[in-house]
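Protein chains: 4
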Amino acid sequence: MQDVSSNASIPEMDASEVNAFLAEVFPQISIGSAFRVEETSKGFARVRMFFGDRLLRPGGTISGPSMFALADVALYAAVLGTAGRVALAVTTSMNINFLRKPGPADMIGEARLLKLGKRLAVGEVSLFSEGGPELVAHATATYSLP
Amino acid sequence: MQDVSSNASIPEMDASEVNAFLAEVFPQISIGSAFRVEETSKGFARVRMFFGDRLLRPGGTISGPSMFALADVALYAAVLGTAGRVALAVTTSMNINFLRKPGPADMIGEARLLKLGKRLAVGEVSLFSEGGPELVAHATATYSLP
Amino acid sequence: MQDVSSNASIPEMDASEVNAFLAEVFPQISIGSAFRVEETSKGFARVRMFFGDRLLRPGGTISGPSMFALADVALYAAVLGTAGRVALAVTTSMNINFLRKPGPADMIGEARLLKLGKRLAVGEVSLFSEGGPELVAHATATYSLP
Amino acid sequence: MQDVSSNASIPEMDASEVNAFLAEVFPQISIGSAFRVEETSKGFARVRMFFGDRLLRPGGTISGPSMFALADVALYAAVLGTAGRVALAVTTSMNINFLRKPGPADMIGEARLLKLGKRLAVGEVSLFSEGGPELVAHATATYSLP
Chain A
7 MQDVSSNASI
17 PEMDASEVNA
27 FLAEVFPQIS
37 IGSAFRVEET
47 SKGFARVRMF
57 FGDRLLRPGG
67 TISGPSMFAL
77 ADVALYAAVL
87 GTAGRVALAV
97 TTSMNINFLR
107 KPGPADMIGE
117 ARLLKLGKRL
127 AVGEVSLFSE
137 GGPELVAHAT
147 ATYSLP
Chain B
7 MQDVSSNASI
17 PEMDASEVNA
27 FLAEVFPQIS
37 IGSAFRVEET
47 SKGFARVRMF
57 FGDRLLRPGG
67 TISGPSMFAL
77 ADVALYAAVL
87 GTAGRVALAV
97 TTSMNINFLR
107 KPGPADMIGE
117 ARLLKLGKRL
127 AVGEVSLFSE
137 GGPELVAHAT
147 ATYSLP
Chain C
7 MQDVSSNASI
17 PEMDASEVNA
27 FLAEVFPQIS
37 IGSAFRVEET
47 SKGFARVRMF
57 FGDRLLRPGG
67 TISGPSMFAL
77 ADVALYAAVL
87 GTAGRVALAV
97 TTSMNINFLR
107 KPGPADMIGE
117 ARLLKLGKRL
127 AVGEVSLFSE
137 GGPELVAHAT
147 ATYSLP
Chain D
7 MQDVSSNASI
17 PEMDASEVNA
27 FLAEVFPQIS
37 IGSAFRVEET
47 SKGFARVRMF
57 FGDRLLRPGG
67 TISGPSMFAL
77 ADVALYAAVL
87 GTAGRVALAV
97 TTSMNINFLR
107 KPGPADMIGE
117 ARLLKLGKRL
127 AVGEVSLFSE
137 GGPELVAHAT
147 ATYSLP
């Protein structure tokens, strides 16, 4: 993240603030039971998706829509952590590459903002299985800011 | 779809065969309760996603991961309708643009194959709200064939 | 294109107007020698890229950057034909799939707008070789409107 | 890059070998006059695109097709540096986000492989202006391996 100059290490909203905000504004994201924001800093967020049967596809792998959801929540958390409360930010596009089969475990999404403009935010997310070093999926997405 | 020459109107698997196959091989797709393949022909499929509370975001709109799932099921149905049983086809990438807010209604995905090669299938999907003329979202995706 | 209601068949700028505008504002596009807009209507444009040695890659195929350029010009022509003079429309993203090798011939790009909003236009382009029925490439792109 | 285990720091082809190979196999890339591979290591390549009038758009900015070309060459160099001579690797898709206007200067593409499988390679590229800290564009692309 290059747009944010001062106090680069202090987010506008820390992880607990983002969790509280998401639980209030987007109850269907199931913060606490399905996802948990673990860290935010300027231009960055790390989010955990808890493993559970609802995520599964045959063969024990995690479904594409679940990975899409993790990427979306992680980037939104990075926008919130960097820009503060922007409840109405809307996902306008996402490009996601599925690289390897995830195992039956929690997944971690690490999101980095590539640009935070007045009207658009663009970011990328790397998705890992808990404890695995390899990338499972990678996404880039654009958000329209209100 | 240009790769398939003869009997262009007769799919390898019709809608009821694709529904039966998906229910057997991918029970988590909830064919019958969440999705229903309505039509297949060579290079094409139309799939309905039933409206329900599980899809909702605040404001009554349908979530991004749900639309991702509909796009994925519709393109997979087009691959099955055109190539027959390829249970192990894997989504390798998807690019999705969210264009307008869908209302609280069933959504329809119309998928067309752009290429069906030996190793890769590429297609596009247009997503509509039931009864609405306007595109709600549009996706292109790539599948690796076994 | 669903946003434009009345006089759906009459473009804001016809093909010759778009050609003149592009030649004036973007001389590097080489309208007349490299590209020519052949038709515009509301939500649509067809653009020809003249074959020439500058486009070639080994094996007689046309380079990826040349196809990217054709997709970009065709979508921009569709925006101009639909919205009129918007000289400062900026490409913010493009997703392009290369499906088949084009032969040594002119290429045709047929662009359709999927959305024309106040701030963003989104469209798709199908690229063909002159005289060939098969899709050579397919792109979707987003433009930021001034 | 996680697929390549041993001797992670020693590329299969170093920068001068990749430059010689590209000049031989893809003369239209104009290695030496338009592009130069500056560094390769396992899973990585850095490529310079020399500034010149051919790249320009009005306002002194560099054209989208030129940035597409730099992203493509940089990722191809990363594939060559990591896997060795794979002359027939073919770009099957690219997703590119244009984030800021580049100035009239050389551009640098830094490519990282996200996956190098038997049939597909996937990577991402960050594009900068020489001397500027900010991302100008970001791309992800897929290559089909012979």
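Listed in order, the protein sequences are those of chains A, B, C and D.
Numbering follows our numbering, with no gaps: position 108 of the first sequence is 114.
Numbering follows our numbering, with no gaps: position 126 of the second sequence is 132.
Numbering follows our numbering, with no gaps: position 130 of the third sequence is 136.
Numbering follows our numbering, with no gaps: position 62 of the fourth sequence is 68.
We put the beta carbon where it would ideally sit given N, CA and C, even for glycine.
message = I'd like to know whether the C-beta atoms of L28(A) and M55(A) end up nearer to each other than 7 Å.
response = For this step, residue 28(A) is matched to residue 22 along the first sequence. For this step, residue 55(A) is matched to residue 49 along the first sequence. Against a cut-off of 7 Å, the Cβ pair of M55(A) and L28(A) comes out as no contact.
task = Please say whether M113(C) and A145(C) have beta carbons closer to each other than 7 Å?
result = Taking the first residue of the third sequence as 1, we reach residue 145(C) at position 139. Taking the first residue of the third sequence as 1, we reach residue 113(C) at position 107. No; because the gap between Cβ atoms is not below 7 Å, this pair is not in contact.
query = Which two residues bound the contiguous alpha helix (DSSP H) that contains A26(C)?
reply = As a position in the third sequence, residue 26(C) is number 20, starting the count at 1. First-last of the alpha helix (DSSP H) with A26(C): 21-31.
inquiry  = Helix, strand or coil for V79(B)? Go by DSSP, reduced to three states.
reply    = Within the second sequence, residue 79(B) is the residue found at index 73, counting from 1. Looking at V79(B) - three-state DSSP - the assignment turns out to be helix.
key: chain C contact for V79(B) (CB, 7 Å cutoff)   = Locating residue 79(B) in the second sequence gives position 73, where the first residue counts as 1. With 7 Å as the cut-off, V79(B) does not count as an interface residue toward chain C.
request  = Could you name the residues of chain B that N101(A) contacts, counting a contact when the two beta carbons are closer than 9 Å?
outcome  = Locating residue 101(A) in the first sequence gives position 95, where the first residue counts as 1. Residues of chain B passing the Cβ test: S99, M100, N101, I102.
query = What are the residues that DSSP puts in a beta bridge with E44(C)?
reply = In the third sequence, the residue the question calls residue 44(C) occupies position 38. BP columns for E44(C) are empty, so no partner.
query = DSSP state of F74(A), grouped into three classes?
reply = Residue numbering aside, residue 74(A) sits at position 68 when the first sequence is read from its first letter. If DSSP states are grouped into helix, strand and coil, F74(A) belongs with the helices.
task = Could you tell me whether the Cβ atoms of G90(D) and E30(D) are closer together than 7 Å?
result = Here the question's residue 90(D) lines up with position 84 in the fourth sequence. Here the question's residue 30(D) lines up with position 24 in the fourth sequence. Not in contact: G90(D) and E30(D) (Cβ atoms no closer than 7 Å).
ask   = The beta strand (DSSP E) spanning F50(A) covers which residue range?
value = On the first sequence, position 44 is the one that residue 50(A) refers to. Counting along the chain, the beta strand (DSSP E) containing F50(A) begins and ends at 50-55.
inquiry  = Is there a Cβ of chain C sitting closer than 7 Å to that of A117(D), yes or no?
reply    = If you number the fourth sequence from 1, residue 117(D) lands on position 111. It does not: the Cβ of A117(D) has no partner Cβ on chain C nearer than 7 Å.
task = May I ask you to report which of helix, strand or coil DSSP gives A127(A)?
result = The residue you call residue 127(A) lines up with position 121 of the first sequence. It is a strand residue.
message = Let me confirm a value: L94(B) is counted as buried when at least 16 other C-beta atoms fall within 10 Å, else exposed. Which label applies?
response = As a position in the second sequence, residue 94(B) is number 88, starting the count at 1. Its Cβ having fewer than 16 others within 10 Å, L94(B) is exposed.
query = Who are the Cβ neighbours of E45(C) in its own chain at under 8 Å, not counting the five residues just before and after it?
reply = Translated into positions along the third sequence, residue 45(C) becomes position 39. For E45(C), where only same-chain residues beyond five positions count, the Cβ hits under 8 Å are A21, A51, R52.
task = Name, going along the chain, the residues of the region 68-92 of chain A whose beta-carbon falls closer than 8 Å to a beta-carbon of chain B.
result = S69, G70, P71, S72, F74, A75, D78
ask   = What in chain C is Cβ-close to R125(A), meaning under 8 Å?
value = As a first step, residue 125(A) must be located in the first sequence, where it is residue number 119. Those within 8 Å of R125(A) in chain C are R125, S150.
message = Please report whether the beta-carbon of A121(D) lies at a distance below 7 Å from any beta-carbon of chain A.
response = Position 115 of the fourth sequence, counted from the first residue, corresponds to residue 121(D). What sits at residue 121(D) in the sequence shown is Lys, not Ala. Closer than 7 Å: yes.
query = Is the CB-CB distance between G129(D) and L81(D) below 7 Å?
reply = As a first step, residue 129(D) must be located in the fourth sequence, where it is residue number 123. As a first step, residue 81(D) must be located in the fourth sequence, where it is residue number 75. Yes; because the gap between Cβ atoms is below 7 Å, this pair is in contact.
query = Where A84(B) and K48(B) are concerned, what is the direct C-alpha to C-alpha distance, given to the nearest angstrom?
reply = Looking up residue 84(B) in the second sequence gives position 78. Looking up residue 48(B) in the second sequence gives position 42. Each residue's Cα considered, the two are about 8 Å apart.
key: Coil, strand or helix - V96(B) by DSSP   = Residue mapping note: residue 96(B) aligns to position 90 of the second sequence, counting from 1. V96(B) falls in the strand class under three-state DSSP.
ask   = Considering A143(C), what are the terminal residues of the beta strand (DSSP E) in which it resides?
value = As a position in the third sequence, residue 143(C) is number 137, starting the count at 1. From DSSP, the beta strand (DSSP E) with A143(C) extends over 141-150.
Test: L94(B) CB closer than 7 Å to a CB of chain C = Counting from one through the second sequence, the residue named residue 94(B) turns up at place 88. Taking Cβ atoms only, chain C never reaches closer than 7 Å to L94(B), which makes this a no.
key: Cβ separation of A127(B) and L133(B), assumed to be a contact under 8 Å, to the nearest whole Å   = Position 121 of the second sequence, counted from the start, is the residue given in the question as residue 127(B). Position 127 of the second sequence, counted from the start, is the residue given in the question as residue 133(B). 19 Å between Cβ atoms; not a contact.
inquiry  = Tell me which residues share the same chain as V24(B) and place their Cβ nearer than 7 Å to its Cβ, disregarding the 5 neighbours each side in the sequence.
reply    = If you number the second sequence from 1, residue 24(B) lands on position 18. Hits under 7 Å: V43, T46, A83, L86, G87.
task = Measure the CB-CB distance between T97(B) and F104(A) and report whether it falls below 7 Å.
result = Position 91 of the second sequence, counted from the first residue, corresponds to residue 97(B). Position 98 of the first sequence, counted from the first residue, corresponds to residue 104(A). For T97(B) and F104(A), yes; Cβs fall inside 7 Å.
ask   = Sorted by chain position, which residues of the same chain lie with C-beta nearer than 8 Å to D78(C)'s C-beta, five sequence neighbours on each side aside?
value = Reading the third sequence from its first residue, position 72 is the one you call residue 78(C). Here the set comprises T97, M100, A147.
query = When the Cα atoms are used, what is the spatial distance from G137(D) to S15(C)?
reply = Numbered from 1 along the fourth sequence, position 131 holds the residue referred to as residue 137(D). Numbered from 1 along the third sequence, position 9 holds the residue referred to as residue 15(C). Roughly 49 Å separates the two Cα atoms.
query = Looking at chain B, which residues of the region 128-139 of chain C have a Cβ within less than 8 Å of any of its Cβ atoms?
reply = V128, E130, P139
message = Please classify A26(A) as buried or exposed, where buried requires at least 16 neighbouring CB atoms within 10 angstroms.
response = Position 20 of the first sequence holds residue 26(A). Exposed, since its Cβ has fewer than 16 Cβ neighbours within 10 Å.
query = Contact check, P108(A) vs F74(B) under 8 Å by CB: the rounded distance?
reply = In the first sequence, the residue the question calls residue 108(A) occupies position 102. In the second sequence, the residue the question calls residue 74(B) occupies position 68. With 8 Å as the limit, P108(A) and F74(B) do not qualify as a contact, their Cβ atoms being about 16 Å apart.
ask   = Is the beta carbon of L141(C) less than 7 Å from the beta carbon of V92(C)?
value = Position 135 of the third sequence holds residue 141(C). Position 86 of the third sequence holds residue 92(C). Not a contact, by the Cβ cut-off of 7 Å.
message = Looking at chain C, is there any beta carbon in it that lies within less than 7 Å of the beta carbon of L141(B)?
response = Start at 1 with the first residue of the second sequence, and residue 141(B) comes out as number 135. Yes, because at least one Cβ of chain C sits closer than 7 Å to the Cβ of L141(B).
query = Between S39(B) and P33(A), what straight-line distance do the alpha-carbon atoms span, to the nearest angstrom?
reply = Position 33 of the second sequence, counted from the first residue, corresponds to residue 39(B). Position 27 of the first sequence, counted from the first residue, corresponds to residue 33(A). Using only the alpha carbons, I get a separation of about 23 Å.
inquiry  = Between the alpha carbons of V131(D) and I102(D), how many angstroms are there, rounded?
reply    = Working through the fourth sequence from its first residue, we reach residue 131(D) at position 125. Working through the fourth sequence from its first residue, we reach residue 102(D) at position 96. Those two C-alpha atoms are separated by around 9 Å.
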